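Single-structure report; data block below.
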Amino acid sequence: MYKHIPILMIMLIFAASVFAQKPERAERIDKQIARLDKALNLSADQKSKITEILEQSQKEMIKDRDANKDDPRAMREAVNARREITDIQIKNVLTDEQKTKFEEFQKSRTARMQVDELDEALNLTDEQEAKIEKIFQARDDKMKSMRDEADSRPTEERREQMRAEMKAVNNEILKVLNEEQKEKYKEMIKERMEGMRGRGPGQRGPRF
Numbered sequence: 054m055y056k057h058i059p060i061l062m063i064m065l066i067f068a069a070s071v072f073a074q075k076p077e078r079a080e081r082i083d084k085q086i087a088r089l090d091k092a093l094n095l096s097a098d099q100k101s102k103i104t105e106i107l108e109q110s111q112k113e114m115i116k117d118r119d120a121n122k123d124d125p126r127a128m129r130e131a132v133n134a135r136r137e138i139t140d141i142q143i144k145n146v147l148t149d150e151q152k153t154k155f156e157e158f159q160k161s162r163t164a165r166m167q168v169d170e171l172d173e174a175l176n177l178t179d180e181q182e183a184k185i186e187k188i189f190q191a192r193d194d195k196m197k198s199m200r201d202e203a204d205s206r207p208t209e210e211r212r213e214q215m216r217a218e219m220k221a222v223n224n225e226i227l228k229v230l231n232e233e234q235k236e237k238y239k240e241m242i243k244e245r246m247e248g249m250r251g252r253g254p255g256q257r258g259p260r261f
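Rendered as structure tokens:
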């Protein structure tokens with residue numbers, strides 16, 4: 054049913070291999086720590102411990118994706134499980150007050166994860182990251198509204214609305230990118246669409 058179609062799958066934006074292809078992993082972790090520090094006011098000891106957690110999680114996630122690269126469903130489940138473990142480990146380092154703030158911080162996780170993956174593929178500037186995160190957050194709000202209205206509209210109408218939303222989001226992202234990034238992003242979308250067409254009925258792609 055439409056109500057249960059994952060938002061990340063609907064957007065058809067990211068190739069499954071992006072995470073394992075880019076070398077700037079240390080920089081990505083530094084950005085994650087900076088965002089957490091801004092939201093939670095971490096101590097030096099907390100930063101050190103969370104950095105170790107993220108480094109290990111990153112290594113394990115790459116292994117999980119490589120091990121399940123031929124099974125999108127298994128890959129998705131493994132990655133989600135790894136993220137849940139990482140969240141628990143991070144919470145164990147936080148104070149009670151920080152844990153509450155962390156839960157609020159995680160509400161924007163869908164958009165943030167997609168920005169991180171685009172950053173790995175396209176080497177975004179901080180300004181580009183901020184703009185694209187707002188695009189994704191607006192999309193998520195709109196998709197929630199679409200899900201709430203799903204049962205009252207014909208299936209074909211819902212599909213058309215999804216296609217229009219996908220196109221609008223992609224166009225908004227392209228406006229933020231430079232020429233080189235635009236070409237890479239278009240290629241990512243093309244590869245993703247070809248991958249979806251190559252799967253049989255009822256099969257779903259990975260949610261990244």
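First residue of the sequence shown: 54, per the numbering used here; consecutive thereafter.
Glycine included, C-beta positions come from ideal geometry on N, C-alpha and C.
A quick note: this is a predicted structure, and the numbers were derived from the prediction, not measured.
In this structure, how does DSSP classify residue i when only helix, strand and coil are distinguished?
i	result
Leu95	coil
Asp169	helix
Asp124	coil
Leu230	coil
Asn176	coil
Val146	coil
Using beta-carbon positions only, say whether residue i and residue j come within less than 8 Å of one another.
i	j	result
Ile138	Thr104	no
Ile242	Asn224	no
Lys152	Lys160	no
Val78	Gln109	The question names Val, but residue 78 in the sequence shown is Arg. Their beta carbons are not under 8 Å apart, which means Arg78 does not touch Gln109 by this criterion.
Arg129	Glu113	no
Gln99	Val132	no
Glu157	Asp172	no
Glu218	Lys195	yes
Are there 16 or more other CB atoms within 10 angstroms of the CB of residue i, so buried, or fewer, so exposed?
i	result
Ala174	buried
Arg118	buried
Lys185	It should be pointed out that residue 185 corresponds to Ile in this sequence rather than to Lys. So Ile185 counts as buried.
Arg245	buried
Val232	The sequence as given places Glu at residue 232; Val does not occur at that position. Glu232 is exposed by the Cβ-count criterion.
Glu170	buried
Could you compute how far the alpha carbon of residue i sits from the alpha carbon of residue j?
i	j	result
Glu150	Leu107	21 Å
Glu240	Lys154	37 Å
Ala164	Leu89	15 Å
Ile86	Ile226	25 Å
Lys220	Glu180	22 Å
Lys84	Lys102	15 Å
Thr178	Met166	16 Å
Asn94	Glu80	20 Å
Lys75	Lys116	Confidence in Lys75 is poor, its pLDDT being 46 and thus under 50, which makes the residue's placement too unreliable to answer from.
Val168	Lys91	17 Å
Glu189	Arg212	According to the sequence as given, residue 189 is Phe; it is not Glu. Using only the alpha carbons, I get a separation of about 19 Å.
Asp193	Arg216	15 Å
Lys237	Glu247	15 Å
Ala127	Ala120	9 Å
Measuring CA to CA, which of the options is closest to residue i?
i	options	result
Lys187	Val229, Thr208, Glu213 and Met215	Val229
Lys235	Asn176, Asp119 and Ala120	Asn176
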